[in-house]
Amino acid sequence: MSEGFHFNTQYHLVELLGSKARNPAELLEGIKTVPASCIYYHTHRFLQQHHYLSPEPPNDFAFWLTDFLHLRSLGEEFLSVDTVLYCNLEDLRKTFQDILEDYLSKDGKNVDCLPGYEFHFLACKTFVLPMPYTANNLREFAEILRKISIRSLYFHIFEARMRLGVPDNDFSQWLRSIGEDKLADEISRLDPYNMTLENLRRKIIRMVEDRARD
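Numbering-wise (the numbering used here), the sequence shown opens with residue 84 and increments by one.
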C-alpha cells in the first residue's frame, strides 16, 4: 500500500556572502564561484516573495544588468533563460556563465555601476518543517491543498526540482506512486513560473477534484 502524502513547509535564512560585482566581468566571476544556493536565491526568491503579483518575474541578475548597468540586451538574455527547464542548479549556473563569457568575448561593454549600486551575492539556508497534514487519497489531498501556506506549496513545487535535483515536483511523484500517472503528468506540464502561486494552487486543486469525481 502506498504511503500518504506528508506536507512540509520551509523557512529561508538569507546570508550575505560578502562578495559583490560592479560590472559584467565581476558578475561572471561571482557566478562561477558562489554556492549553488546563491544561484537559487537570485533566480527564485521573487516567486515566493511576490506570489500575488503577475507572473514572469525577473531574476536578480537580469534586473541589475538592465536597471543599474543599463545593458538592456544582456539583461534580456538573462531574462530569457527558461528556468523551468532546469532541474539542476549547476546547469543553470553554466547557462548564465556562458551568456556572460560570450558577451565579454565579443567586446561587450564592461561598464561599472555607480558606487552603492553593486550586485551583492546572497544565498539562503533552507529549514524544512513537517506540517500536521497527511493526504491518503485525492479528496484529502485537494482539501489540504486549500489549507496549506504558500511556503508549503512553494516547497513542494520548486524545492524538490531545483534544490534537490530530482526531475519532478513532489506532488507528481506521489501521484505516480498511487497509480495516478495521467494526473501526475498533467500537473508536471504546468508551468509554475508563468502564473502566481495562488493561481497555481487553484489550478492543481481543480485538476485533483475533477479526477476524484471520475
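In this text, a Cβ means the ideal position worked out from N, Cα and C, and glycines have one as well.
Kindly indicate which three-state DSSP category residue i falls into: helix, strand or coil?
i, result
"E201", "coil"
"E98", "strand"
"H125", "helix"
"H153", "coil"
"K103", "strand"
"N282", "helix"
"K208", "strand"
"N277", "helix"
"Y169", "coil"
Could you name the residues of the same chain whose beta carbon sits closer than 7 Å to that of residue i, not counting the 5 residues immediately before and after it, in chain order?
i, result
"E201", "K103, A104, R105"
"D143", "H125"
"D195", "R105, N106"
"F88", "T217, A218, F224, W257"
What's the gap between the Cα of residue i and the Cα of residue j?
i, j, result
"L110", "T178", "13 Å"
"L168", "N277", "13 Å"
"F224", "R176", "35 Å"
"L187", "R259", "45 Å"
"E292", "V97", "37 Å"
"K189", "D165", "24 Å"
"R285", "Q180", "36 Å"
"L99", "A206", "7 Å"
"I288", "N193", "48 Å"
"D274", "F241", "11 Å"
"A108", "L157", "12 Å"
"I261", "L221", "10 Å"
"I114", "R272", "29 Å"
"D297", "E226", "17 Å"
"V117", "Y123", "11 Å"
Could you tell me how far apart the beta carbons of residue i and residue j are, in whole angstroms, since I believe they sit closer than 8 Å?
i, j, result
"A119", "E173", "7 Å"
Please work out which residues of its chain come closer than 8 Å, Cβ to Cβ, to residue i, disregarding the five sequence neighbours upstream and downstream, and give them in chain order.
i, result
"P250", "C170, R244"
"R234", "T92, Q93, Y94, Q131"
"M290", "L266, E269, I270"
"F161", "N142, F144, A145, L148, F179, I182"
"H239", "F90, N91, N252, D253, F254"
"L236", "L228, L280, L283, R284"
Got a sec? Which residues, its chain only, sit under 6 Å from residue i by beta carbon, not counting five neighbours each side?
i, result
"F210", "Y94"
Q) Do three or more CB pairs link the segment 260-271 to the segment 241-249 at distances below 8 Å? A) no
Q. Is the segment 145-157 close to the segment 206-217, with three or more CB pairs under 8 Å?
A. no
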